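Q: Residue numbers (the working numbering), protein chains in the order written: chain Y, 1 to 489; chain S, 1001 to 1489.
In this text, a Cβ means the ideal position worked out from N, Cα and C, and glycines have one as well.
Only a predicted model underlies this, so the values are computations on that prediction, with no experimental measurement involved.
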């Protein structure tokens, strides 16, 4: 039965591929125009220009759109394409904002992250109507991979289906978030205010990369994340390290000792109960995990690593577990700018990843409790001199807001349906119980109580969140076929 | 015998005080003119203007001067005032350059560090021939304390002696360094090239502050200093902390663990043999150290500290020992700028203070050996991918040049002579075996093999090396009497 469905679906997708092959230039042109619009969420005016442009693109495909507003923030874009009489509703989530940029680092685009640039492995390629496109070329621009590619893939898939006189069998809805890279601060509010509009059977979450082997991947959830900033204190002003070294406590050493107490040499977290409560995987999920390609050696080579941490026996296992990461350290100055001082304070920013079964607020409390257990007085404000003279060790701990982990069971019928659709387009896929990175899935789980399944299309080496972000053309082409398959479910 | 000498000397100093009291305005006028000349060592043209001006001031007092040149750098100024038939030669070291300036921070001088400004505790005081000078007022300008004050004090002392028909009994020589704040990079070369000219019995090193209690202080040496920059490595580029956290080693954690291994919670250095070789203090020095005023509680209150490190039982003891200090930490980004990455590297800059008996090069080797003992491959270059894939832990360690500690025995006859002279002028003085900070004393010890004794005159709160540097007038007046006493030794 499944075999026949797959075959049918695969046959139906033939016209989608043909249409894409005949229209690559037009698709890329549309993508380049979209990527030319700066889309950092903090710039609401820029985001409204993006939203208007995207509404225009959907309009052309007969998708009715409207903006869902939250005061003072970029709007979310809602779209719908209803199938009269259908009982099933699938909702696609994409985001149209991108990470902040440091233009001077964008060496592949002439230092302009919003000048989309086509490149071979070695050089820029002029994009003209005559250009013969190599699928290994990449298009560089902010959001090329994360997350405007799925928007273009969905639009092209709609075109392809229409050209083949096919239409989605289910009601299709779209929700385009305008501030995912800012942590989707209003998504919960927008969803709460539009529960009826956003009702449906399940969500397809289009974000993230495919597997490092370039095999297509479906993920059934993601780790949650939160974080803390920790500042510890020495003297109330920088002191001369000659006159006072050996006497005034050095906050950089204090911070080093505090952080060193949190993890062992192999990366296992030593914070009490840090791993307590992790919800175990089902048999289906364990089998899927075991079947995931082992990319440890490839990645170690790629990243220049002679060893890895030992929380899991390999990467895919490791990211099923909570993690504690230092994002950054700062105290005084280093290198040529360093001066002979005992710094006044030292700061570390950490992120915490949680998995199903551990609330992020609980994880934060465990870290705070650990800091207290090292002899620190924990506060959330800058210490004044009275506080400094009272407590030998003070840690200011401020907390980032967080997300919990969401994990959709692979055993659900909708999970199996999505697997079948994607495999029809792309053959056997990698099925990941949890992605390591965090996605704003929480609202679908905790507010709408609907399953959410992540179908990414970008190449894993898309430089997401960094400079020189890019999409490999083949990933875009594959993405179009995947979206066509999902629209036909 | 000593009592009688002291009394005699004190009587001889009466005319010096009277002369100073009658001539405060002229002294201050001369000081203001000198401080008006910008004197950052990097500007050689400025420094030559200072040198010519200072030569003029010495000429007026019958001191013969010449410039000692080193190519491309500010000259040193040599001066001499020989006492025919005398067998003793005393050489005074002062420096006439000042630290670089950030004019906008000089709030006490109208944002011009070279506009000497007289101030009461609350306001600027116009300096006119009628101004009645309060000894608690301060004169603000770059080098007011560090280190043009001793130049003016010496000149005024020469005037005072001449007015009283007295003359130095010993041959007096002067060496004025033009690049001390730049680390005296040519002092060794200049001294080597002028060994004959600079021959003498011992050196008086006029720099640094008096004791925090405002009591006069003599220091018989200073700690040496050097330092290392340590960088440890994670993946060869920043990685997403969600996708790779728990798997890719985090260099910030590695650095924290490495640094934490170097010191215990009370600040004692755990590097093997770090304290080995410290030359013990003599009984005289131990007694002098024990007699130093205990300022721990005052300073703890001033600096907002509830505890101190435990290398010595109090500050003065602690700075007789080697120290290891973190000047700065850097990895990724912290606070609002932090991103969800595993940083690619983490750096700490450390300074090492050494005391008599430990060569700074040995101290550096001990730290390097410690790093190796923590499992690191130590290199002095950036690792390439082959090196990264070969060694699980890599530390790039680069070394700053250094100075050894110099400590002149308090038991030497010249030491006792200097103590007697200064006590004749100022009563009981604080005698410090070693200053915590580093001074360029090494050349006198290691090249000329002559004793060197540090006689500072500036107030401890002179904002040395920072903006709003100043001298308290009473410190200048006291300095004149001290210099007169030293000239009469």
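1) If I measure Cβ to Cβ from residue 998 (chain S) and keep anything under 8 angstroms in the same chain, skipping five residues before and after, which residues do I get?
2) Are the region 342-362 of chain Y and the region 1239-1252 of chain S touching, with three or more C-beta to C-beta distances below 8 angstroms?
3) Give me the Cβ distance between residue 489 (chain Y) and residue 417 (chain Y), rounded to the nearest whole Å; I'm assuming they're in contact under 8 angstroms.
4) Can you pull the chain Y residues whose beta carbon is under 7 angstroms from the beta carbon of residue 1236 (chain S), in chain order?
5) Could you tell me the alpha carbon to alpha carbon distance between residue 1247 (chain S) and residue 36 (chain Y), rounded to whole angstroms?
6) Nearest to residue 1179 (chain S) by alpha carbon, out of S:1150, S:1260, S:1094 and S:1194?
7) Since residue 1045 (chain S) meets chain Y, which of its residues come closer than 8 angstroms, beta carbon to beta carbon?
8) Can you name the residues that DSSP bridges to residue 1203 (chain S)?
9) Find out if the Cβ-Cβ distance for the pair residue 1096 (chain S), residue 1064 (chain S) is shorter than 8 angstroms.
10) Is there a Cβ from chain Y that is less than 8 angstroms from the Cβ of residue 1247 (chain S)?
11) Identify which residue in Y:136, Y:407, Y:51 and Y:171 has its Cα closest to the Cα of residue 355 (chain Y).
12) Listed in chain order, which residues of the region 344-376 of chain Y have Cβ atoms closer than 7 angstroms to some Cβ of chain S?
13) Between residue 308 (chain Y) and residue 229 (chain Y), is the Cβ-Cβ spacing less than 8 angstroms?
14) Out of Y:88, Y:123, Y:125 and Y:99, point me to the one whose CA is closest to residue 113 (chain Y)'s CA.
15) Can you pull the DSSP bridge partners for residue 119 (chain Y)?
16) Would you say residue 1459 (chain S) faces chain Y, with C-beta separation under 8 angstroms as the test?
17) For residue 1226 (chain S), go through chain Y and note every residue whose CB falls closer than 7 angstroms to its CB, in chain order.
18) Count the other CB atoms, across all protein chains shown, that sit within 10 Å of the CB of residue 1332 (chain S); report buried if there are 16 or more and exposed otherwise.
19) In whole angstroms, give me the CA-to-CA distance for residue 2 (chain Y) and residue 420 (chain Y).
20) If I measure Cβ to Cβ from residue 211 (chain Y) and keep anything under 6 angstroms in the same chain, skipping five residues before and after, which residues do I get?
21) Taking residue 80 (chain Y) as the reference, which of Y:199, Y:255 and Y:276 has the closest Cα?
22) If you reduce the DSSP assignment to three classes, tell me which class residue 1445 (chain S) lands in.
23) So with CB distances below 8 angstroms, who are the chain S contacts of residue 464 (chain Y)?
24) Would you give the residue range spanned by the alpha helix (DSSP H) that residue 413 (chain Y) belongs to?
25) Residue 1136 (chain S): which of S:1487, S:1464 and S:1458 sits nearest, CA to CA?
26) If you draw a straight line from the alpha carbon of residue 1490 (chain S) to that of residue 1400 (chain S), how long is it in whole angstroms?
27) Pairs of beta-carbons, one from the region 1437-1449 of chain S and one from the region 1173-1193 of chain S, closer than 8 angstroms: are there three or more?
28) Find the residues of chain Y that neighbour residue 1438 (chain S), judging by a C-beta separation of less than 7 angstroms, and give them in chain order.
29) In whole angstroms, give me the CA-to-CA distance for residue 410 (chain Y) and residue 472 (chain Y).
30) Is the region 1015-1026 of chain S touching the region 1152-1159 of chain S in the sense that three or more CB pairs, one from each, lie closer than 8 angstroms?
31) Give the secondary structure of residue 305 (chain Y) by DSSP, where H, G and I count as helix, E and B as strand, and everything else as coil.
32) Over what stretch of residues does the beta strand (DSSP E) that includes residue 1403 (chain S) continue unbroken?
33) Of the residues Y:103, Y:231 and Y:251, which one's Cα is nearest the Cα of residue 380 (chain Y)?
34) Pick from S:1141, S:1014, S:1176 and S:1120: whose alpha carbon is nearest that of residue 1165 (chain S)?
35) Around the C-beta of residue 1162 (chain S), are 16 or more other C-beta atoms found within 10 angstroms, so that it is buried, or is it exposed?
36) Under 8 angstroms between the Cβ atoms of residue 49 (chain Y) and residue 1341 (chain S)?
A: Based on what the coordinates show:
1) In this structure chain S extends from 1001 to 1489, so residue 998 (chain S) is not present and cannot be described.
2) yes
3) 6 angstroms
4) 303 and 304
5) 36 angstroms
6) S:1094
7) Under the 8 angstroms cutoff, chain Y gives no residues; its nearest Cβ is about 25 angstroms from residue 1045 (chain S).
8) S:1091 and S:1452
9) no
10) yes
11) Y:407
12) 346, 347, 348, 349, 351 and 353
13) no
14) Y:99
15) Y:124 and Y:138
16) no
17) The contacting residues do not exist; residue 1226 (chain S) stays about 11 angstroms from chain Y at best.
18) buried
19) Here the model assigns residue 2 (chain Y) a pLDDT of 48, short of 50, so the residue's position is not dependable, and the following value carries that caveat. Rounded to the nearest angstrom, the two C-alpha atoms are 8 angstroms apart.
20) 217 and 430
21) Y:199
22) helix
23) 1240
24) 413-426
25) S:1458
26) Only positions 1001 to 1489 of chain S appear in this structure, which leaves residue 1490 (chain S) out of reach.
27) yes
28) 242
29) 29 angstroms
30) yes
31) coil
32) 1394-1403
33) Y:231
34) S:1014
35) exposed
36) no
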